[in-house]
Structure formats: structure tokens, C-alpha cells
Amino acid sequence: MPAALHRPEPVLRHRAEPIDQHVPPEQAAAWLREGRSLLVTDRFGTGLDILAALRVQLEDPGESAGYVAKRAFRDAFQPASKRLLAPIVGRKVALADAPRAGFLAELYPDHTDFALPVEDAKILSSAWDWYEQGVHFPVLGYRVHPFYGTYIPARMEHLELFGTWLAKYKGARDRAIDIGTGSGVLALQMAKAGFKQVIATDINPNAIESVARQLRRLPTAPAIELEHADQFGADRGPIDLIVSNPPWMKGEVGRTLDLAMYFQDGFFERFYEQSLQRLAPGGRVVFVFSNIIELSQPDVPHPIQTELDRGRFRLVEKLTRRVKPSPGRRTREKVEIWELAVV
Ligand SMILES: C[S@@+](CC[C@H](N)C(=O)[O-])C[C@H]1O[C@@H](n2cnc3c(N)ncnc32)[C@H](O)[C@@H]1O
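Heads up, the sequence shown is in the numbering used here, so the first residue is 795 and it goes up one at a time.
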């Protein structure tokens, strides 16, 4: 039986005070910070204005800020923003100018009328847009439609680099595994490269749902076996190619999507132990990685280099490519492919 999907927690009972556009957003934001709960009663835009004011008051450091600053902001923003509710009636956001959020109908079969934090309603609606439109992956040649709560890459360089590596791969193509498959892109790349069996696992059930739906959309579904599992899942026999684009930084996991960004103590140790047991003779472990950990967390031992220093694996090849900076920003970030073999 598939695991329950992650979804924003429905608010079934509350004592939130009604609020509308007649209250200045700055005032409403201040009330949220004081611990008051508010229910927007007129327009969705009223809720968005209040959230914008809250971001200003809590000094949102922006996307380009470092981990610590972003985390501190989120720790303050999240509890306050959760107290700003939107009414849901008939599984729709019952406010003027509310965006479509088709996931409400999919994720709440057990409730019709409830409330959701405006922030969650906003996330559900933009997730629905991504899901409907899909994201074009040049490495695949088609669009991938990520289900709500599934990690989707914001850039393509690392996928292209993996494609470059895969095109040169000369090893056996009987069985491959993509650990932490997310939207399934690496598994789909391997299936396209002719692997007879590709296993794709993820600890996030929404990712497994996402890839299952993607496979149903394709005219000819590739031979990808999905498993909701921690890392490797069930043993199906020796694996020629173990691939993972793991979380790139160490950190606390709060929301589901944090699982895509941050690893915790023991993650890589378990990964290497299992790799030693599961790898076929002559097999390879390939990480899709980045130097972001060296740039932003220089004190954290490098999770791949530390293992190489331990001497159980050797580095066969490392490919790197610069990341295209976003407009107006410089970056020293590079994406990397690390190919390891058992010593
Ligand atoms: C950086 S994302 C990569 C997703 C996808 N492979 C890609 O390249 O776009 C990391 C993924 O690993 C998953 N993940 C994190 N911890 C995991 C674990 N212990 N076992 C399986 N998957 C895990 C996350 O849910 C997320 O989907």
C-alpha cells in the first residue's frame, strides 16, 4: 500500500479573527508576530499583502543569502505565517482572486471544508502550475510534471554533466539504481541510456507518486521500478550503477523538501556501507554533487572526499562544470560528477 502523501496540514478548528483589506497589512503582520490568528475573508491578495509585510518586518534576507541567515528568517516566518488562514470551501480557496490549486481536490479526499495557511495555499497553487505546465528537460527531450512536494532542479548543468558521463559509460547495463529520485530525472536518463532495469527510490512518498504519474504520461513507459524507501530499499541483486544526487549540504530537516537539500549525520556512512554490499563486481557509484558544501560549509567534512580518504573506494573520474550565474549575481559554484569504484 502506498505511503500517505505529504500535504499541508488542514486546519479543522480555529478561533482566527476575520480580517480583510481594510486593515493595513503592516498592522496585520504585527498581530501575527504577536501570536494572533487571522482568517482572510475577502481577497486572496489581502493574504499575500500581509505575508509580504511580514517578510519585510522579519527582514527576509532573500534567496542569495547564506544558510544561517535563511534558516533564521524561516524559523521566525514560518510560525507567524501559519497563523494567517484562508478558508477552503468545497476543496477550493473561498476568496476572490484565489489562484487555482488543483492539488486541493487530490490531497484532501477526507475533507471538504477547512482552512489552510495562506502560505500553504500559495505553495499548492504554484505547485499546481508547475505540475500542469511541466518543466522541459533537454537531457530527456520532454517535459517532466512534478507532483506537489517533489524536488525539481532549478538548473540543468548537473544533469547535462551526468549525461556527458553516462554517454561515456562502458560498464554493464543490467541494473542501475537512482537513490533519492525526486522527479525521476536521473532514473529516466538511465532508462534512456538502455539499462535493462532501473530502480528509483525516495524517502519522500510524493516523489514516488510524481514519477509514477510521469511514467503513466509517457507513450512508452521505461522500465523503472519505484520504491518508497530509505536509500536502497529491497535487495534485487547486484547493481552495476548506483547513482545519487544526494542533498548537497548538512542541516536540519523541517519541511519535506528539506530532505532534498540537507543531509544529516549518518546519511553518507549508511550509503557507503550499503553500496559495498549491493555493488556488482566492477560496478560504480556515481554522485551528482556540487562544491556548494565547500563554499558555504567549509567546516563540514566533505562527505565524498572523507570516504575516499578512508580507502574503501577509489576515485575513477571527477567531472566539474561551472554553474551559470543568475542575472546580476556572481557565483563560484560548480557542479560535479564523482565516479567511485570499490578498491
Ligand atoms: C537533491 S534531490 C535530487 C532529486 C533528483 N535525483 C534530481 O537529481 O533532481 C535529493 C532527493 O533525495 C531524497 N532523499 C533524501 N534523503 C533520502 C533517503 N534517506 N533515502 C531516499 N531518498 C532520500 C529527497 O527526498 C530528494 O528527492
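Backbone N, C-alpha and C fix where the C-beta goes; we use that ideal spot for every residue, glycine too.
Beta-carbon proximity check, residue i vs residue j, cutoff 8 Å
i, j, result
"W1132", "V1080", "yes"
"I1141", "V1047", "Limits of the chain in this structure are 795 at one end and 1137 at the other, which puts residue 1141 out of reach."
"T763", "S977", "No answer is possible for residue 763: the residues shown for the chain start at 795 and end at 1137."
"S1084", "V1137", "no"
"A892", "W922", "no"
"H800", "N998", "yes"
"D836", "A870", "no"
"P1032", "R969", "yes"
"V933", "Q872", "no"
"A859", "R827", "no"
"P802", "D914", "yes"
"I1086", "E1019", "no"
"V1117", "E857", "no"
Residues near residue i by beta carbon distance below 8 Å, same chain, minus five either side
i, result
"A1135", "G1076, G1077, R1078, V1079, F1107, R1108 and V1110"
"P1119", "T1125"
"G957", "V933 and Q983"
"F1065", "I973, Q1025, S1038 and P1040"
"Q1008", "V938, H939, S977, G978 and L982"
"R865", "G1045 and E1046"
"V912", "V834, F838, G841, L842, I844, L845, S875, L878, L879 and A880"
Of the residues the options, the one placed nearest residue i, counting alpha carbons only
i, options, result
"A985", "I1002, A1028, R1007 and L1035", "L1035"
"L833", "K864, P881, P818 and A966", "P881"
"W959", "A797, K1112, R1007 and K1128", "K1112"
"F838", "D1059, L806, S858 and A909", "A909"
"T1050", "Q1099, R1030 and G974", "G974"
"Y902", "Q872, E1101, E913 and Y942", "Y942"
"M1055", "V1082, E1067, H939 and R1030", "V1082"
"P812", "P802, W825 and D907", "W825"
"V862", "D1059, Q1058 and K1044", "K1044"
"L953", "V887, A981 and R885", "A981"
"H816", "T840, R1010 and H939", "T840"
"K964", "G988, V979 and M950", "G988"
"Q927", "D1059, S1090, P940 and Q821", "P940"
"L806", "P818, R885 and R830", "R885"
"K876", "K916, D904 and E900", "K916"
"S831", "A810, G856, P818 and D814", "A810"
"A966", "V992, L955 and R1116", "V992"
"D814", "E857, G829 and L878", "L878"
"D1052", "L842, I946 and A961", "I946"
"A935", "D996, A994 and L1012", "Looking at the sequence itself, residue 935 is Gly, so the reference to Ala does not match. Closest by alpha carbon: L1012."
"E1101", "R949, P1092, S1090 and G1060", "G1060"
Contacts around residue i, its chain only, beta-carbon distance under 6 Å, and the 5 residues preceding and following it disregarded
i, result
"F1062", "P1097"
"S919", "P893 and A895"
"K990", "D968"
"H930", "R937"
"E820", "A847"
"W924", "P940"
"T1114", "K1128 and E1130"
Same chain, Cβ closer than 7 Å to residue i, five either side skipped, listed in chain order
i, result
"A823", "I844, A847, L848 and Q851"
"M795", "Its pLDDT being 43, under 50, M795 is placed unreliably by the model, and nothing is read from it."
"A797", "P999 and H1022"
"D854", "F867"
"I888", "This sequence places Ala at residue 888; Ile is not what is there. Answer for A888: P881 and I882, listed in chain order."
"L898", "I882, R885, K886 and L918"
"P804", "Y902, H905, F908 and L910"
Where the beta strand (DSSP E) through residue i begins and ends
i, result
"F931", "V929 to F931"
"K1138", "Since the first residue of the chain shown is 795 and the last is 1137, residue 1138 is not available in this structure."
"E1133", "K1128 to V1136"
"H1022", "I1018 to H1022"
"E811", "E811 to I813"
"L806", "From DSSP, L806 is part of no beta strand (DSSP E); its letter is neither H nor E."
"L878", "L878 to V883"
"P819", "Here P819 belongs to no beta strand (DSSP E); instead the alpha helix (DSSP H) covers P819 to E828."
"R1104", "Looking at the DSSP string, R1104 is not in any beta strand (DSSP E); the run it does join, the alpha helix (DSSP H), is Q1099 to R1104."
"I973", "R969 to I973"
"I790", "Since the displayed the chain opens at 795 and closes at 1137, residue 790 lies outside it and no answer follows."
"L910", "F908 to P911"
"L833", "L832 to V834"
C-beta neighbour in chain B for residue i, strict 8 Å
i, result
"G978", "The structure shown has no chain B; it contains just one protein chain."
Residue span of the alpha helix (DSSP H) that contains residue i, given as start and end
i, result
"V1005", "P999 to R1011"
"L770", "For residue 770 there is no data in the structure shown, the boundaries of the chain being 795 and 1137."
"V850", "F838 to Q851"
"Y1066", "F1061 to R1072"
"F897", "F897 to L901"
"E1111", "Taken as a continuous stretch (DSSP letters only), E1111 belongs to no alpha helix (DSSP H), being part of the beta strand (DSSP E) at F1107 to R1116."
So does the segment 1055-1072 actually touch the segment 1025-1033, counting three or more Cβ pairs closer than 8 Å? yes
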